[in-house]
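According to this note's numbering, numbering within the sequence shown proceeds without interruption in unit steps and concludes at 131.
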Amino acid sequence: MNIINNNNTGPSQPNVLWYSRHPLTASQEAQLSGVRVHHLNAATVNTVEEEEEEWESIRTCIDCGVESIYGVFPAWLLAKMWQDAQWAIAAGDYVTRPVTCFAAVNSSRSVEGGRPTFTHRGFVPIGAIRS
């Protein structure tokens, strides 16, 4: 697990997690100004075991106090979030503090195979993970 702390904020700012294979762009960083950003570099996940390891890394960040997660969410992680929500509903668990997840919305993507370039448009809520 590779977590990098951005200490450009004071101790009272909320802790958020940036989850992506790529660092924040300048516009994403500007949108997240005023919060303490911790970076978890998304691993390449090819097996169920690797999914579980990555999920545990995210859970560790939540246990350490991140209040929300921003970034780019792979399909396996979206499925975990959905499964987590279904278990909470089935268990009647409406008390646990949710950690809201926000996906980066980008446009003007590069040509397939080309250098990754895009325009960041903002973040949208996509769900939550129980803490």
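By construction, the Cβ of each residue, glycine as well, lies at the ideal position given by its N, Cα and C atoms.
Exercise. In chain order, what residues of the same chain have a beta carbon less than 6 Å from the beta carbon of residue 1, not counting five sequence neighbours either side?
Worked result: Its pLDDT being 37, under 50, residue 1 is placed unreliably by the model, and the measurement read from it follows with that caveat. Excluding sequence positions up to five before and after residue 1, its CB lies within less than 6 Å of the CB of 57, all in the same chain and listed in chain order.
Exercise. What separation, rounded to the nearest whole angstrom, lies between the Cα atoms of residue 117 and residue 47?
Worked result: The alpha-carbon of residue 117 is positioned some 28 Å away from that of residue 47.
For this session: State the DSSP-derived secondary structure class of residue 20, mapped to helix, strand or coil.
Result: Here residue 20 sits in strand by DSSP.
For this session: Please confirm whether residue 99 and residue 122 have their CB atoms less than 8 Å apart.
Result: no
Exercise. Rounded to whole angstroms, how far is the Cβ of residue 66 from the Cβ of residue 24, which I believe are closer than 8 Å?
Worked result: With a Cβ gap of about 15 Å, residue 66 and residue 24 do not count as contacting.
For this session: Using only alpha-carbon positions, find the residue among 78, 13, 15 that is nearest to residue 51.
Result: 78
Problem set entry | Range covered by the beta strand (DSSP E) that runs through residue 119 | 119-130
Exercise. Can you give the beta carbon distance from residue 82 to residue 45, rounded, assuming they're within the 8 Å contact cut?
Worked result: 17 Å between Cβ atoms; not a contact.
For this session: Can you say whether residue 42 is buried or exposed, counting buried as having 16 or more other CB atoms within 10 angstroms of its CB?
Result: That one is buried.
Problem set entry | Within 8 Å, strictly: CB atoms of residue 93 and residue 59 | no
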